[in-house]
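Chemist:
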Amino acid sequence: MAQSRYNARDRESHWQKIWDEKKLFVTREDAGGPKYYVLEMFPYPSGRIHMGHVRNYTMGDVVARYKRARGFNVLHPMGWDAFGMPAENAAMARGVHPAEWTYANIDAMRTQLKALGLSLDWSRELATCDPEYYAQEQKLFLDFLEAGLVSRRSAKVNWDPVDHTVLANEQVIDGKGWRSGALVEQRELTQWFFKISDMAEELLQALDALKRWPEKVRLMQRNWIGKSEGLQFKLDVIDADGGPAGELEVFSTRQDTIFGMTFCAVSIDHPLAIEAAKSNEALGAYIEECRRSGTTEEALEKAEKTGHELGLRVAHPFIEGKSVPLFAANFVLMGYGTGAIFGCPGHDQRDFDFCKTLGIDIIPVVAPADLSGPALEEYIAAYSDRAEIYDGEGVLINSDFLDGLTIEAAKQEIARRFEAMGKGTRKVNYRLRDWGISRQRYWGCPIPVIHCAGCGVVPVPESQLPVTLPQDVTFDKPGNPLDRHATWKNAACPKCGGDARRETDTFDTFVDSSWYFARFCSPRADVPVAREAADYWLPVDQYIGGVEHAILHLLYSRFFTRAMKQTGHAGLSEPFDGLFTQGMVNHETYKLQDGSWVTPSDVRLEGEGGARRATHAETGARVIIGPVEKMSKSKHNTVDPEDIIGHFGADTIRWFMLSDSPPERDVQWTDAGVEGAWRFVQRLWRLMDRARDWIVPHGSEMPGELSEAALRLRGVSHRRLQSVSEAIESLKFNVAVAQVHEFTRVIEAVVGNPEFENDEGVKWAAREACELAIGMFGSMMPHLGEECWSMLGHDRLLAETPWPEADPALLVEDMVTIAVQVNGKRRDELTVAQDASKEDIEAAALKLENVLRAIEGRDIKKVIVVPQRIVNVVV
RNA sequence: GCGGACGUGGUGGAACUGGUAGACACACGGGACUUAAAAUCCCGAGGGGGUAACCCCCCGUGCGGGUUCGAGUCCCGCCGUCCGCACCA
294 MAQSRYNARD RESHWQKIWD EKKLFVTRED AGGPKYYVLE MFPYPSGRIH
344 MGHVRNYTMG DVVARYKRAR GFNVLHPMGW DAFGMPAENA AMARGVHPAE
394 WTYANIDAMR TQLKALGLSL DWSRELATCD PEYYAQEQKL FLDFLEAGLV
444 SRRSAKVNWD PVDHTVLANE QVIDGKGWRS GALVEQRELT QWFFKISDMA
494 EELLQALDAL KRWPEKVRLM QRNWIGKSEG LQFKLDVIDA DGGPAGELEV
544 FSTRQDTIFG MTFCAVSIDH PLAIEAAKSN EALGAYIEEC RRSGTTEEAL
594 EKAEKTGHEL GLRVAHPFIE GKSVPLFAAN FVLMGYGTGA IFGCPGHDQR
644 DFDFCKTLGI DIIPVVAPAD LSGPALEEYI AAYSDRAEIY DGEGVLINSD
694 FLDGLTIEAA KQEIARRFEA MGKGTRKVNY RLRDWGISRQ RYWGCPIPVI
744 HCAGCGVVPV PESQLPVTLP QDVTFDKPGN PLDRHATWKN AACPKCGGDA
794 RRETDTFDTF VDSSWYFARF CSPRADVPVA REAADYWLPV DQYIGGVEHA
844 ILHLLYSRFF TRAMKQTGHA GLSEPFDGLF TQGMVNHETY KLQDGSWVTP
894 SDVRLEGEGG ARRATHAETG ARVIIGPVEK MSKSKHNTVD PEDIIGHFGA
944 DTIRWFMLSD SPPERDVQWT DAGVEGAWRF VQRLWRLMDR ARDWIVPHGS
994 EMPGELSEAA LRLRGVSHRR LQSVSEAIES LKFNVAVAQV HEFTRVIEAV
1044 VGNPEFENDE GVKWAAREAC ELAIGMFGSM MPHLGEECWS MLGHDRLLAE
1094 TPWPEADPAL LVEDMVTIAV QVNGKRRDEL TVAQDASKED IEAAALKLEN
1144 VLRAIEGRDI KKVIVVPQRI VNVVV
């Protein structure tokens, strides 16, 4: 028996089979209990799971198992974000159909996930590429369309002229298509949009109420929405002869600095610039030059602020007879505000830089309120020589009727005057733009509309849904297979019955993932969501995923939920009540001398610390150990979870993923760490194996009298139970792991200890301790949990056993050890009764030898006693 | 540039609302068991100094100040690392 070991592979599949047979993890919703919806971001079916998945799904599983044991009806589903480009790329590269490739990947990954022993309800599995799913998505779209949440208009897109396709911004690298390498063009295409910008204010405001979201994510969304309040107003333009030449509309959040205006500028894409360029060759050349140079991020960063005069001037709205030059400038964006600005170099860094290069006047119009007299004059005189503008609080100067006003008051005054003149309005601008959802792709959800020459855009009637993808498509040519399919796009107009053409664009795959959490509530319903189920389960109580989705996916889902509410498909606005973003899994990188990457499994490591050396296992070539980076295929620093599961089992990999690193931070994968987890699995098993015959039998009554040792053990057990519960509840899995380690040591010291051989109370308390320990680690290592649980004589599965309740009476320790300080320095410690009086503690503390020595006979000024914490003697 | 997070032993990290800094783990060293190894178990360990020894003293949570009886924790100012956004008017 001493030689026996826990055979993880064998026992894990055993318990998985039993859970499966008993349908333990199929969602229960009729028990009338409280509900808990825990969801991890569903994976893209790339074909293999990676460590990031393991970490993500393990965390979710601990929560799910914990909540289930706590008596909640738990919804813990899994599905596949199954549409998208990789399937088409595989089709192009290997001639396999995207559907075939995708479903094969799903099968492979499902098997891998099942091997992890996750308590998922597989009966609710869904794949977004399944017509059953996307049919409902099409229904949602039609309802959104009817509700005015969708628009169709022309927009600029990144167009790859070789692949004949639109590229997402991330797919454009240095101005070139990531696949074709062709220079990407900006094209105007008619596109479908979700009107998310109409909800900008609502999406921004509601962030404050998302208390269980990381502050970081809320902040990122806030920045992304980018609200700014200001004034949009018109300025008079005058031509070279001084005659009126129309108006220039600008947006500013600092209209108070209007008296500091020394120039105006428009974007190179602004109609005024384009018009002026027609008769101004030099200007045209400048605009062309800007277009060419402005693609790469690096170029943008280093680009100096340049401009070219339009040959027009702009009249100052409040200074009779004053006018300023008008430029086309490379730093003014067409996509924000009106594409035109008034330049105030005094209090805008960009304008300041611009004017310094071009030698334009700089007039400070705001000064710190405490400056006056000579100091103020000095401030004004030295202003142009500063390196940076002043943009702090202050009062207006050099500004006629605004002089002496605060910035805020001046803003109001200028806004009031423009409004009175009928030339301006207060306006709120958002950076958030509408969500373009059209993709010229095959492997996505078809947009259910028909284009008719006579009737225009006609929605596909619900009776004709779903619009399914044709099977017979080819990928041998670039472009959209749907578009060149012989017959698919031919359709009769639902309105007039005449010949018409199907929309051949498909949805951005972010559409698919914007509502899957709602679909999980009723995955087989013939409506997008069955309201009763959704009203019960939503919102998701705990959503867990990578921070890389902090903006797009989470913002889109928030929009979608609101849109679903508007169209009666949901009863709430916010889909995710609690959000947790876990860190990445990192690993060392390895390179050969020639710079090529080497996979960890091909590397042999020797030595330690600075003397660590790495060689190539096969060739013996010298390998350079590189920095620790996120596991990625491109750097070949991945470790395949399947190998680890095959070697050590699921519990080991799960335990390692939860150990050490706080879950929101990155974790470094190390072989030593996994081996440590493996040893602990064995150690727990051996402990329970040893304990089974030593502790009292299963079901024994608690002895009437417990020895001090037994009581002490019970206290430790219950306090541990309490702290581990709290750690899991707050997702501090690394802390929970540490506590289990600690508790295990305590039990090991008791079980089999001859000192307690005849102490039935200790043996009873030891059983209690073992059982509580199993409960604690059972949510993290569920197979080992079941194994140990049954070893101790239980027939009922651990997965069916409620979470134990800590006995409040046992949570307080009778004796506490507190530190005794003299002048804030710890000199000794004191063990006293938990409820000892301040006076008693003080008296006892002042008798301690170390304390007396530290006092050295000096006068005691004060003694601070904080019961159960500390004593501080001040001399 | 703007915004945010973080900085604790050789390493990952603990430390509740300010109250014994370094829990727990990894790596390391020593020992036990063994013919040997693996596995396992026990012990040690922030740095420095003192003592024959039980032990004792000094320093120590990026750096410099401050508040407090008491600061890893709070405040001010630096430095560094990471992340997000980026000419957003």
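Going by this note's numbering, the first sequence opens with residue 294, and the numbers climb by one from there. Heads up, the beta-carbon is just placed ideally off N, CA and C, and yes, glycines get one too.
Tell me whether GLN733 is buried or exposed, calling it buried when 16 or more other Cβ atoms sit within 10 Å of its Cβ.
Modeler: Its Cβ being crowded by 16 or more others within 10 Å, GLN733 is buried.
Chemist: Rounded to the nearest angstrom, what separates ASP805 and CYS786 at their Cα positions?
Modeler: Whole-angstrom Cα-Cα distance: 27 Å.
Chemist: Could you tell me which residues DSSP puts in a beta bridge with GLN484?
Modeler: DSSP, once it has assigned bridges, lists ARG446 as partnering GLN484.
Chemist: Evaluate contact between the region 679-694 and the region 649-660, counting only Cβ atoms and requiring at least three cross-stretch pairs below 8 Å.
Modeler: Output reads yes: the region 649-660 touches the region 679-694.
Chemist: Out of GLU333, ALA818 and ASN300, which one is the CA nearest neighbour of LEU847?
Modeler: Among GLU333, ALA818 and ASN300, the Cα nearest to that of LEU847 belongs to GLU333.
Chemist: On a CA-only basis, which of ARG1007, TYR829, GLY942 and PHE624 is nearest LYS407? Give me that one, please.
Modeler: Closest by alpha carbon: GLY942.
Chemist: Just to confirm, is the Cβ distance from VAL617 to PHE556 under 8 Å?
Modeler: Going by C-beta atoms, VAL617 is nearer than 8 Å to PHE556.
Chemist: Bridge partners of ASP936, per DSSP?
Modeler: Looking at the DSSP assignment, ASP936 forms no beta bridge with any residue, so it has no partner.
Chemist: Would you check if the distance between the CB atom of ALA1138 and the CB atom of VAL1164 is smaller than 8 Å?
Modeler: Closer than 8 Å, so yes.
Chemist: Does the region 1056-1064 touch the region 988-997, meaning 3 or more C-beta pairs lie closer than 8 Å?
Modeler: Yes, they touch.
Chemist: Determine the DSSP secondary structure at LYS1025, reduced to helix, strand or coil.
Modeler: LYS1025 falls in the coil class under three-state DSSP.
Chemist: Answer with buried or exposed for ILE1153, where buried requires no fewer than 16 other C-beta atoms within 10 angstroms of its C-beta.
Modeler: Per the 10 Å Cβ criterion, exposed.
Chemist: For GLN514, is the classification buried or exposed, using 16 other Cβ atoms within 10 angstroms of its Cβ as the cut-off for buried?
Modeler: GLN514 should be labelled buried.
Chemist: Under DSSP, the alpha helix (DSSP H) around GLY839 begins and ends at which residues?
Modeler: Unbroken run through GLY839 is the beta strand (DSSP E), 835-839; no alpha helix (DSSP H).
Chemist: Which value, in whole angstroms, describes the spacing of the CA atoms of MET950 and LEU1024?
Modeler: Roughly 13 Å between the two C-alpha positions.
Chemist: Mapping DSSP to helix, strand and coil, what is SER521?
Modeler: Looking at SER521 - three-state DSSP - the assignment turns out to be strand.
Chemist: Thinking C-beta only, is VAL967 closer than 8 Å to THR945?
Modeler: Against a cut-off of 8 Å, the Cβ pair of VAL967 and THR945 comes out as a contact.
Chemist: What separation, rounded to the nearest whole angstrom, lies between the Cα atoms of GLU867 and SER521?
Modeler: If I take the Cα positions, the gap works out to 24 Å.
Chemist: To the nearest whole angstrom, what separates the beta carbons of ILE1067 and LEU1091, a pair I think is in contact under 8 Å?
Modeler: The pair is a contact, with the Cβ atoms about 7 Å apart (cut-off 8 Å).
Chemist: Keeping to the same chain, check which residues put their C-beta closer than 6 Å to that of GLY377; ignore five residues upstream and five downstream.
Modeler: Around GLY377: THR802.
Chemist: As a quick exercise: from GLY614, THR458 and GLY729, pick the residue whose alpha carbon is nearest that of SER444.
Modeler: Of the candidates GLY614, THR458 and GLY729, the one whose C-alpha sits nearest the C-alpha of SER444 is GLY729.
Chemist: As a quick exercise: from TYR350, LEU1014, LEU898 and ASP562, pick the residue whose alpha carbon is nearest that of PRO934.
Modeler: Checked all of TYR350, LEU1014, LEU898 and ASP562; the closest Cα to PRO934 is TYR350.
Chemist: How many angstroms separate the CA atom of LEU317 from the CA atom of LYS788?
Modeler: Taking the straight line from one Cα to the other gives about 51 Å.
Chemist: State the CB to CB distance for the pair ILE518 and LEU497, rounded to an integer number of angstroms; the pair is presumed to be in contact (CB under 8 Å).
Modeler: ILE518 to LEU497, Cβ: 5 Å. Contact.
Chemist: Grouping DSSP H, G and I as helix and E and B as strand, with all else coil, what is ARG905?
Modeler: If DSSP states are grouped into helix, strand and coil, ARG905 belongs with coil.
Chemist: Per the DSSP calculation, TRP728 is bridged to which residue(s)?
Modeler: Bridge partners of TRP728: PHE487.
Chemist: Taking the alpha carbon of THR1037 as the reference point, which residue from ASP1052, SER1018 and ALA1062 has its own alpha carbon closest?
Modeler: Among ASP1052, SER1018 and ALA1062, the Cα nearest to that of THR1037 belongs to ALA1062.
Chemist: Spatial neighbours of SER665 within its chain, please: C-beta separation below 7 Å, excluding the five flanking residues on both sides.
Modeler: Once the five neighbours on either side are set aside, SER665 has no close Cβ partner at all.
Chemist: Using DSSP with H/G/I as helix, E/B as strand and the rest coil, what is THR589?
Modeler: Reliability of the predicted coordinates at THR589 is poor, the pLDDT of 43 falling under 50, and the value obtained from them is presented with this limitation in mind. THR589: coil per DSSP, three-state reduction.
Chemist: Per the DSSP calculation, THR372 is bridged to which residue(s)?
Modeler: A small fix is needed here, since residue 372 is Gly in this sequence, not Thr. According to DSSP, which records beta bridges pairwise, GLY372 is partnered with LEU419.
Chemist: On the criterion of 16 or more Cβ atoms from any shown chain inside 10 Å, does GLY1170 qualify as buried, or is it exposed?
Modeler: Since the first residue of the chain shown is 294 and the last is 1168, residue 1170 is not available in this structure.
Chemist: Beta strand (DSSP E) containing ARG1119: first to last residue?
Modeler: Here the beta strand (DSSP E) through ARG1119 covers 1118-1126.
Chemist: If you reduce the DSSP assignment to three classes, tell me which class TYR330 lands in.
Modeler: Strand, per DSSP.
Chemist: If you drop the 5 nearest sequence neighbours on each side, which residues of the same chain put their C-beta closer than 6 Å to that of GLU590?
Modeler: For GLU590, the pLDDT reaches just 41, beneath the cut-off of 50, and the residue's location in the model is therefore unreliable, leaving the point undetermined.
Chemist: Would GLY791 pass as a contact of GLY737 if the rule is Cβ separation under 8 Å?
Modeler: No, they are not a contact pair.
Chemist: Assign HIS307 to one of two classes, buried (16 or more other C-beta atoms within 10 Å of its C-beta) or exposed (fewer than that).
Modeler: So HIS307 ends up on the exposed side.
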